[in-house]
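Visitor: Chain order of the listed sequences is A and B. All residue numbers for the first sequence refer to this note's numbering, where the first residue is 1 and numbers rise by one. All residue numbers for the second sequence refer to this note's numbering, where the first residue is 293 and numbers rise by one. Idealized CB from N, CA, C, for every residue including glycine. Model, not experiment: these values are computed from the prediction. Could you have a look at this structure, given as structure tokens, before my questions?
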Amino acid sequence: MDAFSRRSPVIRATATGFVLLWLLIAAFPFVWTVWGSFKVEPDFFSRDTWWHAILGTNTARLTGDAFTGDGYYGAWVTTQFWRSTLNTAIITVCVVVISLSFGTLGGYALARSTARYRFVILIAALFFRAMPDITLVSGYLLPFFQLNIWGYLPTAIIVLVALNQPFTLWMMYSFFQGIPRDLDESALVDGCTRFQAFRLAIVPVMWPGVITTGLFAFLLAYNDFSVTGLVLSERNQTMVPKIASYLGQIQSEGNVMFAVAAVVSITIPIFLLVMFFQRYLVSGLTAGAVKG
Amino acid sequence: MPHSTFFRFMFPSLLAMLLFIALPIVSIVVQSLFIEHEQVIVTSETCQPFGGCTSTSTVDSAATAQLRAEEPLGRFNGLGTYIDRNHLAFGELRDILTTSDGFTDAVSRIYNLPLYRALAFTVTYCALVTPLAMMLGLLIALAVNTVPQMLKGPVIFFSLVPMLITPLVGSLILFWMLNSEGILGAAIQNVFNDPGLSTRSSAPLTWAMLIVYGIWTNAPFSFIVFYAGLQAVPRDTVEAAMIDGASRIERIRYVVLPSLKPLILFVLLVQLMDNFRVFEPIISFNAAANATSLSYQIYSSLNTQTSQLFGSAAATSVITIGFIAVLIVPVLLRVARELSTGRG
């Protein structure tokens, strides 16, 4: 028995109770919202009692069944949420692929260089990472209007790739530092150029790092609101600004349930991501900690 | 690695950062020195044969549009935007300090200036959410370390979701529950027996709700990092402390926390950077009447129905970046020193 498992029952019970309470706090809002998304507005936002939301009293009265897909129909079909989903898919795939290609090359160079200017690049990247995205967006808008590139998906993609670079560079830099130098240096000794050494010796072993970094690049593009909300035209809107646009219309059209359905829809991919890539996500979060 | 090879590898990344991060900084500095053209007013005098003359002013919209198209930046305003009422408001500040009766009056009048209002919330949010979320995260990590193995997986899974969820969506989910018609909001009304209690009507409640959201979404990050750190705490030292008769609290205070110190600094840095940009929850909570942040101020200057206030947004951005620089340069110097002394 080690020191950690010799604990008094009181402490174990308190700790278990606290963990269960946190589990409730972390998970309950999602359970509640998913459940409520199949109700009508007078149930989910009930003035009388929250039993309405659980039992679906008004939902049964208005639609004949305790569950209704009206919110989803309104969001996906009537207000064309599918179009925003398509735009989000295009943007996230492109951003992940491009920022990983750029960041892998850059991170590798930073990890293998011995010159002092690499510190300048790393520190500048850290500063760029600290700036709120929206400060930069206020710099883009006027030039984008003048160049006539405002509103299109490729514009948002390249901006998000650039905003992603500081983080991607740091992650890939830390990762490549963990790969022994002998691996690519022996390839150099065998007469490879630097790029061949990278392709033949490094690329086969870099995938764990690439997947981890890619997950965070995905989340940045998927969750972004400051760039996509201001740089894209209404037709090219992604999911997050689309949900924000429901909020402005709530009072006039009473379609708050569309927003609830859209919120549940946008959360599903994040759930799947956490389910399948939990280990990579945790290792990515802690890798940054080890390297500072 | 030769310099030419290094820069060939770095080129795409550097170009992207140069064009879309470094250049925009220049762009906001330039934009902040200009202000939108005023509308072109044409004054015309019409004289009646017997009634004298009346002069009328009308907006010449064609001329205004043409002027704005020719000089999209607007007209040069120097530092005028920085010191106007919506930004640093030096004139108003001087006025308040000379004419105010008492400290509270001065504070409440300064709080009515938009930039200081936003700054007050941003700083409060950073100063409360960062330590509280870190403490909660540490408590969860310590607790999870004690519980049976089968609980750990679900806890990590359900902790990752509030952290990785889209900020706008996560705050909406909480807002709908805390709303006066949502389950928690109604429960709060019942507890205090006050049906008028609503997050919309009271500023302190709105701030509290936003801070609760901040802790909910930020605590998991501390939890995950500290939990990983706890696995690396040397067990020999812990056992030695136990043999020496250290209590549980003393062991945490003198063994566990010191070994987590580098992680605490790392989490602090990341959380401060993230909390300083607080923006989406204000939109989700529809809270702009009671709480705004620096990022929200920039957004609201840009997201107007009529003409966007580029000069105003740019000036707020420059001021924000200035605050970030003050906040982060000490940390950057520290990282630079660590990088150049062997760890890099």
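(1) Rounded to the nearest angstrom, how far is the Cβ of B:Asn378 from that of B:Ile327, given a contact under 8 Å?
(2) Have a look at B:Ala357, B:Tyr408 and B:Gln358 and flag the residue whose alpha-carbon is nearest the alpha-carbon of B:Phe382.
(3) Can you find a CB in chain B that lies within less than 8 Å of the CB of A:Gln278?
(4) Pull up the DSSP beta-bridge partners for B:Ile333, would you.
(5) Determine, using beta carbons only, whether A:Gln237 comes closer than 8 Å to chain B.
(6) B:Ile320: which of B:Gly614, B:Leu619 and B:Ala533 sits nearest, CA to CA?
(7) Could you say which of B:Met469, B:Ser463 and B:Ala511 lies nearest to B:Gly429 if we only look at CA atoms?
(8) Using the DSSP secondary-structure output, state which residues sit across from A:Arg12 in a beta bridge.
(9) Give the straight-line distance between the Cα atoms of B:Leu307 and A:Val97, rounded to the nearest whole angstrom.
(10) Which term fits B:Lys553, buried or exposed, when burial requires 16 or more other beta carbons within 10 angstroms of its beta carbon?
(11) Let's see if you can read the secondary structure: which residues bound the alpha helix (DSSP H) around A:His52?
(12) Would you mind sorting B:Gly366 into buried or exposed? The rule is 16 or more other CB atoms within 10 Å of its CB.
(13) What is the DSSP secondary structure of A:Thr114, reduced to helix, strand or coil?
(14) Would you decide whether A:Arg194 is buried or exposed? Buried here means 16 or more other CB atoms lie within 10 Å of its CB.
(15) Which value, in whole angstroms, describes the spacing of the CA atoms of A:Thr63 and A:Thr78?
(16) Check whether the segment 157 to 168 of chain A and the segment 187 to 202 of chain A are in contact - that is, three or more C-beta pairs closer than 8 Å.
(17) Which partner residues does B:Phe326 have in the DSSP bridge list?
(18) Could you pull the DSSP bridge partners for B:Thr346 from this structure?
(19) Tell me which same chain residues have a C-beta within less than 6 Å of the C-beta of B:Pro294, skipping the five on either side of it?
(20) Please report the distance separating the alpha-carbon of A:Phe127 from that of B:Phe413.
(21) Under 7 Å, CB to CB, which of the residues in the segment 170 to 197 of chain A have a partner in chain B?
(22) At the level of alpha carbons, what is the spacing between B:Ala617 and B:Leu624?
(23) State the Cα-Cα distance for the pair A:Phe216 and A:Ser101, rounded to the nearest angstrom.
(24) Output the distance between the C-alpha atoms of A:Phe176 and B:Gln563, rounded to the nearest integer angstrom.
(25) Pick out the complete alpha helix (DSSP H) segments inside the segment 419 to 460 of chain B, 4 residues or longer, and give them in chain order.
(26) If you count every other CB in all the chains shown that lies within 10 Å of the CB of B:Asn485, and 16 or more means buried, which is it?
(27) If we count Cβ pairs, one from each stretch, closer than 8 Å, do we get three or more for the segment 457 to 468 of chain B versus the segment 530 to 544 of chain B?
(28) Quick check: the Cα distance between A:Asp2 and B:Ile611, rounded to an integer number of angstroms?
(29) Is B:Pro423 buried or exposed, if buried means 16 or more other CB atoms sit within 10 Å of its CB?
(30) How would you write the range of the alpha helix (DSSP H) that B:His295 sits in, first residue to last?
(31) With a threshold of 8 Å between beta-carbons, can A:Val96 be considered close to chain B, or not?
(32) For A:Gln237, report the span of its alpha helix (DSSP H) as first-last.
(33) In this structure, what does DSSP give as the bridge partners for A:Gly300?
(34) What is the DSSP secondary structure of B:Gly636, counted as helix, strand or coil?
(35) Output the distance between the C-alpha atoms of A:Asp184 and A:Ile202, rounded to the nearest integer angstrom.
(36) Quick one: grab the DSSP three-state call for A:Ser138.
Guide: Taking the geometry as given:
(1) As a first step, residue 378 of chain B is located in the second sequence; it is residue number 86 there, counting from the start. As a first step, residue 327 of chain B is located in the second sequence; it is residue number 35 there, counting from the start. Actually they do not touch by this definition, with Cβ atoms about 11 Å apart.
(2) Numbered from its first residue, the second sequence carries residue 382 of chain B at position 90. Ranking the options by Cα distance to B:Phe382, first place goes to B:Tyr408.
(3) Translated into positions along the first sequence, residue 278 of chain A becomes position 278. Closer than 8 Å to some Cβ of chain B, the Cβ of A:Gln278 qualifies, so yes.
(4) Sequence index remark: in the second sequence, residue 333 of chain B carries index 41 (1-based). BP columns for B:Ile333 point to B:Val351.
(5) Stepping through the first sequence from its first residue, residue 237 of chain A is reached at position 237. Closer than 8 Å: no.
(6) Counting from 1 along the second sequence, the entry for residue 320 of chain B is found at position 28. It is B:Gly614.
(7) As a first step, residue 429 of chain B is located in the second sequence; it is residue number 137 there, counting from the start. Taking only the C-alpha atoms, the option nearest B:Gly429 is B:Ala511.
(8) Locating residue 12 of chain A in the first sequence gives position 12, counting from the first residue. Paired residues: none, contrary to the question.
(9) If you number the second sequence from 1, residue 307 of chain B lands on position 15. If you number the first sequence from 1, residue 97 of chain A lands on position 97. Approximately 17 Å, taken between the alpha carbons.
(10) On the second sequence, residue 553 of chain B is found 261 positions in, with the first residue counted as 1. B:Lys553 comes out exposed.
(11) Along the first sequence, read from residue 1 onward, the residue named residue 52 of chain A stands at position 52. Residues Trp51 to Leu55.
(12) Numbered from 1 along the second sequence, position 74 holds the residue referred to as residue 366 of chain B. Under the 10 Å beta carbon count, B:Gly366 is surrounded by 16 or more other beta carbons and is classified as buried.
(13) Within the first sequence, the letter at position 114 stands for residue 114 of chain A. In this structure, A:Thr114 counts as coil in the three-state DSSP scheme.
(14) For this step, residue 194 of chain A is matched to residue 194 along the first sequence. With 16 or more Cβ atoms within 10 Å of its Cβ, A:Arg194 is classed as buried.
(15) Translated into positions along the first sequence, residue 63 of chain A becomes position 63. Translated into positions along the first sequence, residue 78 of chain A becomes position 78. Taking the straight line from one Cα to the other gives about 18 Å.
(16) no
(17) The residue you call residue 326 of chain B lines up with position 34 of the second sequence. B:Phe326 pairs with B:Phe368.
(18) Here residue 346 of chain B is taken as the residue at index 54 of the second sequence, counted from 1. Note: B:Thr346 sits in a beta bridge opposite B:Thr338.
(19) For the purposes of this step, residue 294 of chain B is taken as residue 2 along the second sequence, with counting starting at 1. In its chain, beyond the 5 residues on either side, no residue has a beta carbon closer than 6 Å to the beta carbon of B:Pro294.
(20) Locating residue 127 of chain A in the first sequence gives position 127, where the first residue counts as 1. Locating residue 413 of chain B in the second sequence gives position 121, where the first residue counts as 1. Roughly 23 Å between the two C-alpha positions.
(21) Arg194
(22) Taking the first residue of the second sequence as 1, we reach residue 617 of chain B at position 325. Taking the first residue of the second sequence as 1, we reach residue 624 of chain B at position 332. Roughly 9 Å between the two C-alpha positions.
(23) As a working mapping, residue 216 of chain A is identified with position 216 in the first sequence. As a working mapping, residue 101 of chain A is identified with position 101 in the first sequence. Here the C-alpha atom of A:Phe216 lies approximately 14 Å from the C-alpha atom of A:Ser101.
(24) The residue labelled residue 176 of chain A in the question sits at position 176 within the first sequence. The residue labelled residue 563 of chain B in the question sits at position 271 within the second sequence. For A:Phe176 and B:Gln563, the distance between alpha carbons rounds to 25 Å.
(25) 441 to 456
(26) Position 193 of the second sequence, counted from the first residue, corresponds to residue 485 of chain B. Classification of B:Asn485: exposed, given that the 10 Å Cβ count is below 16.
(27) no
(28) To locate residue 2 of chain A, count along the first sequence from 1; it is residue 2. To locate residue 611 of chain B, count along the second sequence from 1; it is residue 319. The predicted model places A:Asp2 with a pLDDT of 43, which falls under 50 and marks its position as unreliable; any figure quoted below should be read in that light. Rounded to whole angstroms, the separation of the alpha carbons of B:Ile611 and A:Asp2 is 54 Å.
(29) Taking the first residue of the second sequence as 1, we reach residue 423 of chain B at position 131. Under this definition B:Pro423 is an exposed residue.
(30) Counting from 1 along the second sequence, the entry for residue 295 of chain B is found at position 3. Looking at the DSSP string, the run of the alpha helix (DSSP H) that includes B:His295 is His295 to Met309.
(31) Translated into positions along the first sequence, residue 96 of chain A becomes position 96. By this cut-off, A:Val96 is not an interface position.
(32) Taking the first residue of the first sequence as position 1, residue 237 of chain A is located at position 237. It is not in any alpha helix (DSSP H) - A:Gln237 carries neither H nor E in the DSSP assignment.
(33) Past the edges of chain A, shown from 1 to 292, lies residue 300 of chain A, and the structure says nothing about it.
(34) Position 344 of the second sequence, counted from the start, is the residue given in the question as residue 636 of chain B. Reliability of the predicted coordinates at B:Gly636 is poor, the pLDDT of 43 falling under 50, and no value is obtained from them.
(35) Taking the first residue of the first sequence as position 1, residue 184 of chain A is located at position 184. Taking the first residue of the first sequence as position 1, residue 202 of chain A is located at position 202. Cα to Cα, the separation comes out at about 7 Å.
(36) What you label residue 138 of chain A is simply residue 138 of the first sequence in a count that begins at 1. In the structure shown, A:Ser138 sits in a helix (DSSP, three-state: H, G or I).
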